[in-house]
Amino acid sequence: FPSCCECERCSVFVLAYLQSQVQGICCSYNNMDLTDVKTMCESLGIPAVDSDAPLSASLFLAVMSRININNNNTLMKVEELETRVNILEGFKGSYDEYTDSVDFRMEKMQKRLDILETDIRKKSIVIGGLSCGGRSCSETVNKFFMETFKLQLPFEKAFPLQPAGKRKHQSHPPLIKVTFRDPESKSMLYKCTHKLRDSDIYIRDDFTPEEREKRKLLSMEMKKAKDAGKDAKLKGTTLIISGTRYIIQNGKIRPIRSKAPTPSKMDTGE
404 FPSCCECERC
414 SVFVLAYLQS
424 QVQGICCSYN
434 NMDLTDVKTM
444 CESLGIPAVD
454 SDAPLSASLF
464 LAVMSRININ
474 NNNTLMKVEE
484 LETRVNILEG
494 FKGSYDEYTD
504 SVDFRMEKMQ
514 KRLDILETDI
524 RKKSIVIGGL
534 SCGGRSCSET
544 VNKFFMETFK
554 LQLPFEKAFP
564 LQPAGKRKHQ
574 SHPPLIKVTF
584 RDPESKSMLY
594 KCTHKLRDSD
604 IYIRDDFTPE
614 EREKRKLLSM
624 EMKKAKDAGK
634 DAKLKGTTLI
644 ISGTRYIIQN
654 GKIRPIRSKA
664 PTPSKMDTGE
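Residue numbering for the sequence shown follows my numbering, starting at 404 and increasing by one per position.
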């Protein structure tokens, strides 16, 4: 117990304080049975004493010393635990920053990839119902363009598409994707597609998986409309039934609301 100075007054005060504490412990000690004393000594890590023996100052100091050591050990463990928590929190913060950075870079790369794919799709078509026989896709497409449309359209590549989850050997030929060198060649071809009206061969745009799913839903709705005797046709991802346009929003088919015409000055009387 430190004192503010070494004067006699402080020494007397400290001695009186120790005596009062010893007397309090003595009262508690005298009320303990043998089992309680042994348990206390074992928990404090000091030799067991006789419960009938008077409590000496040395035993009191030993008890207080052991309590102080235990408190210091507990404090050290708490500090170690706090250090580990701080390290883990710092690691978690670094990990979160790293994952955020990776997510941002992946999102940026995905956007770039989408832009590249969009540019390629703008100058690509898909041909259905065209059999290659024993020829390559490029030879088959060139022959098809020349014999059907009398066109020689240069393209970068032509290859078969194998739908996911379907067998390679089917009764109908696989779809063929053709990528032109420029969108103008694709536009020139579309001007002649009316010649396929009575043919089993068809030509359509190269749609994304999301667009194909939308067209699937719209195609089923178009069939219902035609069965009901209505005029219906599908253009891209827009279904037109009796002049009303329908699109997919949130997985449901919804009509497109046309904007009301802006009133002219004559209508408003201005």
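By construction, the Cβ of each residue, glycine as well, lies at the ideal position given by its N, Cα and C atoms. The structure displayed is predicted, hence computed values, not measured ones.
Pairing I528 with F583 gives a Cβ-Cβ distance under 9 angstroms. L621: member of the alpha helix (DSSP H) spanning P612 to D630, first to last residue. Excluding sequence positions up to five before and after E520, its CB lies within less than 8 angstroms of the CB of T611, all in the same chain and listed in chain order.
T543 and K638 have their C-alpha atoms roughly 27 angstroms apart. The continuous alpha helix (DSSP H) containing T543 extends over residues C540 to F547. If you look at K589, you'll find it isn't in any beta strand (DSSP E); it sits in the alpha helix (DSSP H) that goes P586 to Y593.
Counting other Cβ atoms within 10 Å of its Cβ, V481 stays below 16 and is therefore classed as exposed. Under the 8 angstroms Cβ criterion, the stretch 549-558 does not count as touching the stretch 490-508, having fewer than three qualifying pairs. Below 8 angstroms, enough C-beta pairs join the stretch 592-609 and the stretch 529-548 to call them touching: three or more. With contacts defined by Cβ atoms closer than 9 angstroms, F548 and L599 do not form a contacting pair. In the DSSP annotation of this structure, the continuous segment of the beta strand (DSSP E) that includes S527 starts and ends at S527 to G531. When DSSP states are grouped into helix, strand and coil, T582 belongs to the strand group. DSSP places K655 in the uninterrupted beta strand (DSSP E) bounded by K655 to P658.
As the crow flies, the alpha-carbon of K495 is around 16 angstroms from that of L484. In this structure, L621 is the residue among L621, K594 and M479 with its C-alpha nearest to the C-alpha of K655. Just measuring C-alpha positions, the residue of T596, H575, C595 and I523 sitting nearest A561 is I523. The DSSP-derived three-state label of L556 is coil.
Going by DSSP, R648 is part of the beta strand (DSSP E) stretching over T647 to Q652.
A direct Cα-to-Cα measurement between Q652 and K526 gives close to 27 angstroms. A direct Cα-to-Cα measurement between G536 and P577 gives close to 11 angstroms. Bridge pairing for F562: K580 [DSSP].
One Cα belongs to D503, the other to Y649, and the distance between them is close to 39 angstroms. The beta carbons of S588 and L564 sit about 20 angstroms from each other, so the pair does not count as a contact at 8 angstroms.
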